[in-house]
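Protein chains in written order, with our numbering: chain A, 1 to 332; chain B, 1001 to 1231.
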């Protein structure tokens, strides 16, 4: 088999809701940030060669996604079907079709899924099917492309760290394309990030650069605690804390604390927890959601538009200005 | 990947998809319907009862509807290409997978069709006549061919439309155009099957020509169904 140079190229690919995607994904990790309504599920399926495009083409290393290329593509789709038979049989079939020497038992054991091997594949829940598909995908040797829809939703617990390592390893020699609706996941995965909005793919942005801009976490802490009211009362007196909020009815144990110095706020939370005996179950930075990011992006776009409009208006006025004010009593 | 691995996978998939459907119930209802129609035909005109029961209820109504149900279920109510994506994603050739899927559809339809033939002839055939086994044998090979033709044509129909809605169009056109005997009935299986069963021919063609037409139709539809898909 001739080696496929791994550059994933979309050329005017149209598959509703994807409008006309023209993009190149070289070797490395790429995150597409968007909701399923924007076409992330279709983007992943099309990348895996599983959707018939209305127009345009998708190639990997200049080759169409034929059987030989598809054998080197690992994909976890939005909706997975493992095929007939038991889970072990479905995994074994997938490995055989790819010409992989690994055994189904080994793959399932590696991902701690051996308990499911005897179950009928169709009896698995959607999430369980996606976990099996992830195991099969990440067991692929020398892949040309790995594409995963919402990677953190198909891995649970300690698998997340393992999945991240596997994706990083794969990204060294192949194209890894992850689609997510969560800016937090996008920031955590790293690589380059592209926004997908209403079927249109935006320009690539380096996640590390974006992490101080639109993808930066908010200066807020989300705290899960045993007594949110007591902790809120204690934190309200802290000078670093700018705002404390909680909803006793909807989420009685959840508290949001905002402050300019997040580290100082964290230390204050820890101190008050020890002093007042309030238990902290979880603490973490709050992240902007996708809609906030889009609003920010739209705000920037709007500001840029207004700036350009103002400049154009001024230029036009200057050009018109000498002729406009007519001197009283002088007939042109 | 071995061909047999793909074939086994597709046959297992077909079995699983059909098991989940109410196809068995549909077959039973069809047999009951054909039996009732055959009994009524026998009561009204015993000499032509078997001909009318076969060309009307069995081949004319029950077989096309069963074929639609089987093909729709085997495609998982999707387009034909999406029906085999579960194998194609791992590098299987879609065209080859669809041929296996068609073979499964033909086998299931032929089996159900044979039951329909036996039910129709057992009730409609005049009691004490010697031609029962001869008629059953003749009707059986026609049923095999008809099952293949319908499965292949519906597979072609399934490759059109967002969710394979073309198969409904095919069935509607077969019903409307194939029921006649003019030139418009030539590209549809209905008229040729009717001719083989001894009823009104299309364009006054002989039964040999009808057989050739049905074979050409089945082979062409099989090839078109496979070649319309990306590999």
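Heads up, the beta-carbon is just placed ideally off N, CA and C, and yes, glycines get one too. None of these values were measured; they are calculated from a predicted model.
| Item | Value |
| --- | --- |
| Mind pulling the beta strand (DSSP E) runs of 3 or more residues that sit fully within the segment 44 to 86 of chain A? | 55 to 60, 73 to 76 |
| Please check the pair residue 1139 of chain B and residue 1054 of chain B, which I expect to be a contact at CB under 8 Å, by giving their CB distance rounded to whole angstroms. | 6 Å |
| If we count the other Cβ atoms within 10 Å of its Cβ and call it buried at 16 or more, is residue 1126 of chain B buried or exposed? | exposed |
| Under 7 Å Cβ to Cβ from residue 1164 of chain B, same chain only, skipping five residues before and after it: list those, please. | 1075, 1078, 1079, 1080, 1158 |
| Mind checking if residue 1081 of chain B is an interface residue toward chain A, Cβ cutoff 7 Å exclusive? | yes |
| In three-state terms, what does DSSP make of residue 212 of chain A? | For residue 212 of chain A, the predicted model reports a pLDDT of 48, less than 50, meaning its position is unreliable and no value from the coordinates is stated. |
| Given this structure, state the Cα-to-Cα distance separating residue 268 of chain A from residue 254 of chain A, to the nearest angstrom. | 17 Å |
| Give me the Cα-Cα distance between residue 1086 of chain B and residue 81 of chain A, rounded to the nearest whole angstrom. | 6 Å |
| Starting from residue 263 of chain A and walking both ways along the alpha helix (DSSP H), at which residues does that stretch end? | 262 to 276 |
| So, using beta-carbon positions, are residue 200 of chain A and residue 278 of chain A closer together than 7 Å? | no |
| What's the gap between the Cα of residue 94 of chain A and the Cα of residue 71 of chain A? | 9 Å |
| With 7 Å set as the bound, which would you pick, yes or no: does the beta-carbon of residue 50 of chain A sit closer than that to a beta-carbon of chain B? | yes |
| What would DSSP say about residue 1104 of chain B, mapped onto helix, strand or coil? | helix |
| I think residue 1066 of chain B touches residue 1009 of chain B, with their Cβ atoms under 8 Å apart; what is that distance to the nearest whole Å? | At roughly 25 Å, the Cβ-Cβ gap does not stay under 8 Å, so residue 1066 of chain B and residue 1009 of chain B are not in contact. |
| May I ask you to list the residues that DSSP assigns as paired with residue 41 of chain A? | Answer is none; residue 41 of chain A lacks a bridge partner. |
| Assign residue 1195 of chain B to buried or exposed, taking buried as 16 or more other Cβ atoms, counted over all protein chains shown, within 10 Å of its Cβ. | buried |
| Using a Cβ-Cβ cut-off of 7 Å, state whether residue 114 of chain A counts as contacting chain E. | Reference to chain E is not applicable here, since the protein chains of this structure are A and B. |
| Listing by chain order, which chain A residues have their CB less than 9 Å from the CB of residue 1007 of chain B? | Ordered by position in chain A, no residue passes the 9 Å Cβ test against residue 1007 of chain B, which lies about 12 Å from the chain. |
| Using only CA atoms, which one of A:283, A:247, A:174 lies nearest to residue 69 of chain A? | A:174 |
| Can you tell me whether residue 18 of chain A is buried or exposed? The criterion is at least 16 other CB atoms within 10 Å of its CB, across all chains shown. | buried |
| May I have the straight-line CA-CA distance separating residue 104 of chain A from residue 89 of chain A, to the nearest angstrom? | 8 Å |
| Residues of the segment 77 to 95 of chain A with a CB closer than 7 Å to any CB of chain B: list them in chain order, please. | 81, 83, 84, 85, 93, 94 |
| Using a beta-carbon distance cut-off of less than 9 Å, what residues from the segment 39 to 69 of chain A approach chain B? | 45, 48, 49, 50, 51, 52, 64, 65, 66, 67, 68, 69 |
| Under the DSSP definition of a beta bridge, which residues are partnered with residue 33 of chain A? | A:180, A:195 |
| Does the contact criterion of 3 or more C-beta pairs under 8 Å hold for the segment 46 to 63 of chain A versus the segment 8 to 15 of chain A? | yes |
| Using only CA atoms, which one of B:1092, B:1052, B:1101, B:1069 lies nearest to residue 1012 of chain B? | B:1101 |
| Suppose you measure from the CA of residue 1037 of chain B to the CA of residue 1057 of chain B; what does that come to, to the nearest Å? | 7 Å |
| Since I believe residue 256 of chain A is in contact with residue 245 of chain A (beta carbons under 8 Å), could you give me their beta-carbon distance rounded to a whole number of angstroms? | 5 Å |
| Alpha carbon to alpha carbon, what distance is there between residue 310 of chain A and residue 1095 of chain B? | 59 Å |
| For residue 1023 of chain B, decide whether its Cβ has a neighbour in chain A, counting only Cβ atoms nearer than 7 Å. | no |
| Is it buried or exposed for residue 1024 of chain B, if we count other Cβ within 10 angstroms and need 16 for buried? | exposed |
| Provide the residue span of the beta strand (DSSP E) that contains residue 23 of chain A, from first to last. | 18 to 25 |
| Nearer than 6 Å: is that true of the beta carbon of residue 144 of chain A relative to any heavy atom of the ligand COA? | In the structure shown, the ligand COA is absent, as is every other ligand, since no ligand is present at all. |
| Determine the direct distance from the alpha carbon of residue 197 of chain A to that of residue 20 of chain A, and round the result to whole angstroms. | 12 Å |
| Residues of chain B with CB closer than 7 Å to the CB of residue 75 of chain A, please, in chain order. | 1089 |
| For the alpha helix (DSSP H) that contains residue 1087 of chain B, what are its first and last residues? | 1085 to 1088 |
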